[in-house]
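Numbering (this note's numbering), first residue to last: 909 to 1322. Note sheet for the following structure.
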């Protein structure tokens, strides 16, 4: 391998793959979903993949949300480097919560960009459109060298600039409802077709966690979903590829024994404690798709007026039942590798079965048709890391989901 066919990101080497290299991000896939489906005999292809390769548990980036972790996987770096610390951050100078879907918030190049510079063919398919522009940042779609689209917007003619003019017509599948497992199946079906026709050197597939938010590990709907995933994994493995399956975050039940959501309403609590409004509580899980989680997650960041005693407020929150960690800006940035300019004065993480809200009137809980399941904290940080080759990863304690392309490209040499 010539030196010019290698590059380094965040201390890890990436080599040009000798066979198609695929990373699948199974959104919200708590490892137990896969373990239980295998136990039930519903994932024979993944089970065979594990027998011939390796299965480890990796850690996701914090917050354990979709956007920060997909971008971590796509860049090989934590949020402190790439800058995407959640779906929203607060700009005190504008008194405005700002959504970070725009490419201007991305502070580094993606792995896909560097591989394209080496003349690799790149294919990216995401279930939800909120990730498309970030994942496809700086790619050139000329000369059939890249494809990047979302299943959610697969019928849009505007995707001509992203490699395929109408992915729905190309795949001969209607665009699925965004709140369905069909959205993820569309990603897999498109991935199979691209693998056979486009023949990418590097491919990234990212699904949606609709099923995991709604159904627990033993529910038939979840089992059917993972059986579907296994079917496509089997089709992928019919090709001579290097494949890693991982996830952006896990998923935990966040409700009491009666099925009611467990919520700490931080804005209300702090406004009452301070006898005035604290500046702003931001819930970075909030995005355009709140039906299945109600914008309730296990990670929050809080902005205060300068004259307030933040240490005193921190100690007050630490004594609240259901709160696991309270860190100031510098502590959170250091411990969780977060960008200081996109988190608040305090970062708060809940216990496993608890979530954060702002105020009751801000959350329409009538949208939740099943007992709440969500993510965002430390307890949803464990994710699967399955490789179809034996490469003997030794330092598994420091394994992160954003090491996926590093190991997948190394495995392509086997």
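Glycine included, every Cβ here is placed at the ideal spot set by N, Cα and C.
Could you give the DSSP three-state label for residue 1136: helix, strand or coil? helix
So residue 1247 packs on residue 991, CB below 8 Å; how close in whole Å? 5 Å
Write down every uninterrupted run of the alpha helix (DSSP H) in the segment 912–990 whose length is 4 residues or greater and which is fully enclosed by it, in chain order. 939–947, 952–960, 974–983 and 987–990
Just tell me which of 1298, 1303, 1120 and 1309 has its CA closest to the CA of residue 1321. 1298
How many angstroms separate the CA atom of residue 929 from the CA atom of residue 1181? 53 Å
Cβ neighbours of residue 1318 in the same chain (closer than 7 Å, five flanking residues each side left out): 923 and 1299
Same chain only: Cβ atoms within 8 Å of residue 985, ignoring 5 sequence neighbours per side: 917, 918, 1016 and 1310
Alpha carbon to alpha carbon, what distance is there between residue 1101 and residue 970? 33 Å
Expected contact under 8 Å - CB spacing of residue 967 and residue 1290 to nearest Å: 7 Å
Go through its chain and collect everything with a Cβ distance to residue 1304's Cβ below 7 Å, but skip five positions before and after it. 964
Taking the alpha-carbon positions, what's the residue 1010 to residue 1249 distance? 16 Å
Tell whether a beta-carbon distance below 7 Å holds between residue 1212 and residue 1253. yes
Sufficient close CB pairs (3 or more, under 8 Å) joining the segment 1271–1287 to the segment 1114–1123: yes
Under the three-state reduction of DSSP, which class applies to residue 1160: helix, strand or coil? strand
Could you spell out where the beta strand (DSSP E) holding residue 1236 opens and where it closes? 1231–1236
Boundaries (first-last residue) of the alpha helix (DSSP H) holding residue 1105: 1090–1105
Contact set for residue 1110: own chain, Cβ-Cβ below 6 Å, skip 5 residues either direction: 929, 1023, 1028 and 1030
How many angstroms separate the CA atom of residue 1021 from the CA atom of residue 1047? 6 Å
Would you give the residue range spanned by the beta strand (DSSP E) that residue 1207 belongs to? 1207–1211
Is the segment 939–956 close to the segment 1052–1064, with three or more CB pairs under 8 Å? no
Give the straight-line distance between the Cα atoms of residue 937 and residue 1158, rounded to the nearest whole angstrom. 5 Å
Tell me, please, which residues DSSP counts as bridged to residue 1290. 967
First through last residue of the beta strand (DSSP E) which encompasses residue 1263: 1263–1265
For residue 1271, count neighbouring Cβ atoms within 10 angstroms of its own Cβ and tell me buried if that reaches 16, exposed if not. buried
Given this structure, state the Cα-to-Cα distance separating residue 1315 from residue 1285, to the nearest angstrom. 26 Å
Might you give, ordered along the chain, the residues of its own chain that have their beta carbon closer than 8 Å to the beta carbon of residue 1069, omitting 5 neighbours on each side? Unreliable positioning characterises residue 1069 in this predicted model, as indicated by a pLDDT of 49, which lies under 50. A coordinate reading is not provided.
Taking just the CA atoms, how far does residue 1108 sit from residue 1231? 45 Å
Measure the alpha-carbon distance for residue 1210 versus residue 1167 and round it to whole angstroms. 28 Å
Secondary structure of residue 1001, DSSP reduced to three states: coil
Assuming residue 1192 and residue 1273 form a contact by the criterion Cβ under 8 Å, report the distance between their Cβ atoms to the nearest whole angstrom. Incorrect: roughly 19 Å between the Cβ atoms, too far for contact.
Cβ distance (whole Å) where residue 998 is taken to contact residue 1188 below 8 Å: 5 Å
Would you give the residue range spanned by the alpha helix (DSSP H) that residue 1122 belongs to? 1118–1122
DSSP-derived helix/strand/coil call for residue 1059: coil
Would you decide whether residue 1082 is buried or exposed? Buried here means 16 or more other CB atoms lie within 10 Å of its CB. exposed
CB-CB under 6 Å to residue 972, same chain, minus the five flanking residues each way: which ones, in chain order? 1157, 1283, 1284, 1288 and 1289
Out of 1174, 1243 and 944, which has the shortest C-alpha to C-alpha gap to residue 1132? 944
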